[in-house]
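Mapping of the sequence shown onto the numbering used here: position 74 corresponds to residue 159, and the numbering continues sequentially without gaps.
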Amino acid sequence: MLYLSIKALHIIFVVSWFAGLFYLPRLFVNHAMVSDKATIERLTLMENKLYRFMTPLGILAVGLGMWLWFGFGLAGGWLHAKSALVTLLIVYHLYCGRLMRAFAEGRNTRSHVWYRFFNEVPVLVLFVVVFLVVLKPF
Numbered sequence: 086m087l088y089l090s091i092k093a094l095h096i097i098f099v100v101s102w103f104a105g106l107f108y109l110p111r112l113f114v115n116h117a118m119v120s121d122k123a124t125i126e127r128l129t130l131m132e133n134k135l136y137r138f139m140t141p142l143g144i145l146a147v148g149l150g151m152w153l154w155f156g157f158g159l160a161g162g163w164l165h166a167k168s169a170l171v172t173l174l175i176v177y178h179l180y181c182g183r184l185m186r187a188f189a190e191g192r193n194t195r196s197h198v199w200y201r202f203f204n205e206v207p208v209l210v211l212f213v214v215v216f217l218v219v220l221k222p223f
């Protein structure tokens, strides 16, 4: 029962973290397209609040995933591949924080088009991770 409870919580926090990973770069798309001060201030505030909200969700998702892995002895090559992709997501999350600070300081140098492509990274990672977890191909 403990295993299933931790697994359920892990899934809940992963879904919640991904909501932030999907939406924050979308805010960056909008931020890169505007120039009026009021909208920039509003987007900066939204980005900051979202990042502060999604960071603990990501920590809980990763922490519970590690508990499942090490606490219950999950094994397999699929898990190592998933862990590598989760590491990529952590780097992506931290890079989003860096981009957010650049926007807040007026130092953004990237176009809205770049952010549109950047926004697709977590979608692709999620796609692969779900197939790894469900199919356990190796």
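The C-beta atom is built at its ideal place from N, Cα and C for all residues, glycine as well.
Remember, it's a predicted structure, so these values are computed and weren't measured experimentally.
- Pairing residue 149 with residue 105 gives a Cβ-Cβ distance that is not under 8 Å.
- The residue from 185, 159, 145, 168 with its alpha-carbon nearest to that of residue 109 is 185.
- The continuous alpha helix (DSSP H) containing residue 186 extends over residues 162-189.
- Shown here, residue 86 sits in coil according to DSSP, grouped into three states, outside any helix or strand.
- Inter-segment contact for the stretch 202-216 and the stretch 136-146 is absent: fewer than three beta-carbon pairs are separated by less than 8 Å.
- Contact check for residue 99 and residue 146: beta-carbon distance about 5 Å, within the 8 Å limit, so the pair qualifies.
- Scanning its chain for C-beta atoms nearer than 7 Å, with the 5 sequence neighbours on each side dropped, one finds around residue 153 the residues 91, 92, 95, 159, in chain order.
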